[in-house]
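Everything below concerns the one structure shown next.
Protein chains: 2
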Amino acid sequence: MNRRELLKISSAALFSGAAVSGANAQRVASVVERWNIFELALDGPTAGNPFIDVTFEATFELGNRRITCAGFYDGDGKYKVRFMPDETGVWNYTTASNRAELNGQTGRFECTAAREGNRGPVRVRDGFHFGYEDGTPYVECGTTCYAWAFQPDQTQRQTIETLRSSPFNKLRMCIFPKWYRYNRSEPPIYPFPRTADTNDYSTFNAAYFQHFDDLIGQLRTIGVQADLILFHPYDKWGYSSMPADVDDRYLRYVIARYAAYRNVWWSLANEFDLLKAKNNSDWDRFARIVTDEDPYGHLRSVHYSRVMYDYSRVWCTHAGVQSYAFEKASDWRADWGKPVVFDECQYEGNIPTNWGSITGDELVRRFWLAAARGVYCGHGETYLDPNDVLWWAKGGVLRGTSPPRIAFLRKLLEETIAVGPGPIGFTFESASFGTRAKRANNYVLFVYYDVHAPAQASIDLPAGFAYRAEYVDSLKMARTPLGDNYSGTAELKLPGTPFGSVWFYRKGEA
Amino acid sequence: MNRRELLKISSAALFSGAAVSGANAQRVASVVERWNIFELALDGPTAGNPFIDVTFEATFELGNRRITCAGFYDGDGKYKVRFMPDETGVWNYTTASNRAELNGQTGRFECTAAREGNRGPVRVRDGFHFGYEDGTPYVECGTTCYAWAFQPDQTQRQTIETLRSSPFNKLRMCIFPKWYRYNRSEPPIYPFPRTADTNDYSTFNAAYFQHFDDLIGQLRTIGVQADLILFHPYDKWGYSSMPADVDDRYLRYVIARYAAYRNVWWSLANEFDLLKAKNNSDWDRFARIVTDEDPYGHLRSVHYSRVMYDYSRVWCTHAGVQSYAFEKASDWRADWGKPVVFDECQYEGNIPTNWGSITGDELVRRFWLAAARGVYCGHGETYLDPNDVLWWAKGGVLRGTSPPRIAFLRKLLEETIAVGPGPIGFTFESASFGTRAKRANNYVLFVYYDVHAPAQASIDLPAGFAYRAEYVDSLKMARTPLGDNYSGTAELKLPGTPFGSVWFYRKGEA
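If you're matching them up, the sequences are chains A and B in order. Counting in numbering that gives the first Met the number 0, the first sequence runs from 0 upward without gaps. Counting in numbering that gives the first Met the number 0, the second sequence runs from 0 upward without gaps.
In structure tokens form, the structure reads like this:
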């Protein structure tokens, strides 16, 4: 029976009645869209410590594929396992547990084609770039709201609304609450039961993690990647210095809960090197747990403060640097052999710190400096607010001048990636534009002029092709045709203003 | 007899009649201002090759000091020796030559106090800075007109007029003519006799070098240092690949002629590493010749293109880098232990090259980035011109927006240096402002915000002092008092616009 035939008979024959065979099984959705979540919830023991005492997992099968996913205890006697099918067809599963009532349960569900807007998880593509699993290019364009999960509901709703109409398609966010300037509020609930100032690390507060189910799901709905920060140093509760077994249990719990969300990325830490209670072997162990436990191979990285992480490590799928040394980007790309994201290149804002006070113009400039080197950049916003609601910390609304211009750049990049192998950019500083462009032979070439404001340009184009050229003002967001038929050495008149760029589109392919 | 008594009787008693005792001696000025030029011109042989066959020098004596200066042949049977006295009083001299008529001539002259505007040559001061020999600080503020010496008289006059009303107090200029884009004119006269395309390296065209006497003298009059570039690669005549003995003779000739101009600096080369006919031992030899032959120890350096010169070499008095990596400036200063001048940090202009197309705003920014690290910066201007008269090449007029703002910065620096040990600057990027400022303990502190636009600042001041603070907008050239009595941690409200700076003046010393 081929897949088409199987689909024809699916709901009629295969899924009549309950999808789960066990006696205590909850009724579950019997049809799941590709890259959405199939969740199996079973009732199980409440005695003892279900978080530790009870093992629970399920193995999913389609054809000759078998994928085992760890389950998790969600409180109130509920044991859950989540699975993100990446292939259409009928998946069968079997549970396994050290408790009889959770063991050997079987069932099946149908995975149907993804609908509009669901492109699957983001993967590395072409070595240094990203794309959705369905093949659509993903132009990384991230922002940061570290502690948005711990704000009043209304602020969280506002954050989602702001993101929905923003250019940002990735959000850096912490799983643990944050204590730092402009971040001085207790979370409404703690990840572990807490009495006075003592954490009971033997169990989890399931409600704390259920809230993240909701948030990550909302981000998924609006097409935003959740770049989950697993550890960070800005802590007053003890979560940055938990015992090793608690760290590991926490990681496994988080991965079991959230890995089935297609929009999840894992960031081991924000500023890992500032977590003084951890050493390199801790980070190695965390990397191994994330790599081993996540059945889907979501993107994985880590972020540093002063001590740059060695991003050539195999477990890292990409680099997530804190830097604005874009002149090093090409070397880093080559050295590490993977995509480079300048996740933190300082924020647009006006707070009295160097990292939180660059102008919107400057942040836009940094996005272009990244794009012109084939790497990616991250946004954040830190404008002083009478109620201390700064986007970078709490979310809310955006007030800066960079987002519309970042949107403009993202659109330029997406347009070209949609029709060819993507643009190759150059900064005007690299005097070897002609030579490198010839070698690159891409469909679209562009040169970003940054602080340079030439009134003329003379640009050697790759031989054998004709190009249409366009002048793009990165700040005014203006695109001006320059001419339709350039080849050999293009002699151009330019406006003599800074922060412009010239784009060449190979003709016959546009 | 002390100096004062000697001065009293000087013109009455010592200098009655001719100052020079020789029969053929020309009458020379018997009174010379300190750091001006005493020139002795004698008639001598014209037969053979006076440039090579005839040796000629003079030794000058005052008290127990003896300074021997090489003479030079100036054509038409004239042999000259020039001397820049650095001490008031009566100097005696005796000539020496391998020709009887030039040998053993004696004479004397009185060196009188320097007049207003004559501060002597520029020296290294406080390790990393410069000052005139009379003690006045010299805030280096250079510009570049490589080939101005070879332009029509009117353009040369215009260049002097432009410099006179500009902030620039140093001019980088070539001794040899230049052949490069925007530099495509034959010089009106050649340094060596030239027939068809062949140079006669056995002699010099004295008139070629006389013209530089005039130009260097004019720069001296308007208070501009002549940073003489002795070799450069942009050559179509052969001067970048002369035989070693010609190189050396040329250097000795130039030093004998120009060293007595107090405003001379020596730059071995523009972009030494592009002179493919020279190797390291040539540059070592040139450095030794310049060091040995110049009796006054004028400032010495060399400029590079791609291969950075090792400025820790003892012969270099300062570094003259081609770079805009200001973030390295503090390390370079420390490593080399001498002043660092970013002589070429790209030019304000609009030509189609990366080095000649930065905005005026950006060049001003670079001057500030230099100042904030205790190093110096250089200007150049390359605006397209219908007649190809670009300031950087030919001089003429300035059209950019940077000069008035560079003047503004120079004035700020001079004001503070005039009353104390000079300011110490910080870029806002260096998070350790407070710590370093405390250690520095200077009279004036400032922090330059560059692309940062904070609306608040919180700055730890050195303990034990009160400060007056001023906000300075580097682009609008506006100075706004912030308050009169800051100590401990200064809490400031700032305008939230970029390219500003805050200056703290220690009270009781302003």
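Every residue gets a Cβ at the ideal spot worked out from N, C-alpha and C, and that includes glycine.
Check	Outcome
Are the C-beta atoms of A:P497 and some chain B residue less than 7 Å apart?	yes
Could you name the residues of the same chain whose beta carbon sits closer than 8 Å to that of B:E413, not counting the 5 residues immediately before and after it, in chain order?	P136, V138
Please list, in chain order, the residues of the segment 455–479 of chain A that have any C-beta partner in chain B closer than 8 Å.	Q455, A456, S457
Can you pull the chain B neighbours of A:P402, defined as C-beta to C-beta under 9 Å?	Chain B residues near A:P402: none, gap ~17 Å exceeds 9 Å.
With burial defined as no fewer than 16 other Cβ atoms inside 10 Å of the residue's Cβ, what is the status of B:I458: buried or exposed?	buried
Please report the residue range of the beta strand (DSSP E) in which A:A112 lies.	Counting along the chain, A:A112 falls outside any beta strand (DSSP E), and DSSP gives it neither H nor E.
For a contact defined as C-beta to C-beta under 7 Å, what are the partners of A:V450 on chain B?	I357, T358, E361
Counting pairs of beta carbons, one from the segment 379–390 of chain A and one from the segment 342–350 of chain A, are three or more of them closer than 8 Å?	yes
Specify the secondary structure class of B:A12 as computed by DSSP and reduced to three states.	Note that B:A12 scores a pLDDT of 35, beneath 50, so its modelled location is shaky; the value from the coordinates is reported in the next line. B:A12 falls in the helix class under three-state DSSP.
If you draw a straight line from the alpha carbon of A:G319 to that of A:G141, how long is it in whole angstroms?	11 Å
Quick one: which chain B residues come within Cβ less than 7 Å of A:P453?	N349, I350, P351, S356
Taking just the CA atoms, how far does A:A57 sit from A:G21?	Residue confidence for A:G21 is low, a pLDDT of 47 falling below 50, so the modelled location carries little weight and cannot support an answer.
Runs of 3 residues minimum, wholly inside the segment 54–120 of chain A: which ones carry the beta strand (DSSP E) assignment?	55–61, 64–72, 77–82, 88–96, 105–111
Determine the contact status of A:I159 and A:Q217, defining contact as a CB-CB distance below 7 Å.	yes
Can you name the residues of chain B whose CB is closer than 7 Å to the CB of A:E428?	N353
Check A:L525 in the structure and name its three-state DSSP category.	Residue 525 of chain A lies beyond the range of chain A shown here (0 to 509); nothing can be said about it.
Keeping to the same chain, check which residues put their C-beta closer than 6 Å to that of A:A69; ignore five residues upstream and five downstream.	E56, A255
Between B:R65 and the rest of its own chain, which residues show a CB-CB distance below 6 Å, the 5 nearest in sequence each way excluded?	T58
Quick test of your reading: B:V147 and B:G377, contact by CB under 8 Å. State the CB separation rounded to the nearest angstrom.	The residue you asked about is not Val; residue 147 of chain B is Trp in the sequence shown. Not confirmed; about 15 Å, so no contact.
Please identify, using Cβ separations under 9 Å, the residues of the segment 375–386 of chain B that lie next to chain A, in order along the chain.	Y382, L383
For the segment 130–170 of chain B, which segments carrying the beta strand (DSSP E) assignment without a break, of at least 3 residues, lie completely within its bounds, in sequence order?	141–143
Going by DSSP, what residue range makes up the alpha helix (DSSP H) through A:I458?	Here A:I458 belongs to no alpha helix (DSSP H); instead the beta strand (DSSP E) covers 455–459.
Starting from B:F498 and walking both ways along the beta strand (DSSP E), at which residues does that stretch end?	From DSSP, B:F498 is part of no beta strand (DSSP E); its letter is neither H nor E.
May I ask which residues mark the beginning and end of the beta strand (DSSP E) holding B:V446?	443–447
Roughly how far, in whole angstroms, is the beta-carbon of B:R511 from the beta-carbon of B:P44, given that I think they are within contact range, below 8 Å?	Missing from the structure shown is residue 511 of chain B; chain B here goes from 0 to 509 and no further.
Got a sec? Which residues, its chain only, sit under 7 Å from B:W335 by beta carbon, not counting five neighbours each side?	Y310, S311, A318
List the endpoints of the continuous beta strand (DSSP E) containing B:R467.	466–472
I'd like the span of the beta strand (DSSP E) that includes A:R478, first residue to last.	477–485
Expressed to the nearest angstrom, what Euclidean distance is found between the alpha-carbon atoms of B:T496 and B:F175?	46 Å
Where A:Y131 and B:L368 are concerned, what is the direct C-alpha to C-alpha distance, given to the nearest angstrom?	43 Å
What is the DSSP secondary structure of B:W314, counted as helix, strand or coil?	coil
Note down the Cα distance separating A:D247 from A:I288, rounded to an integer number of angstroms.	8 Å
So B:F445 and B:S500 are in contact, right, with Cβ under 8 Å, and what is the actual spacing, rounded?	5 Å
Applying the criterion that 16 or more other CB atoms from any shown protein chain within 10 Å of the CB defines a buried residue, is B:M307 buried or exposed?	exposed
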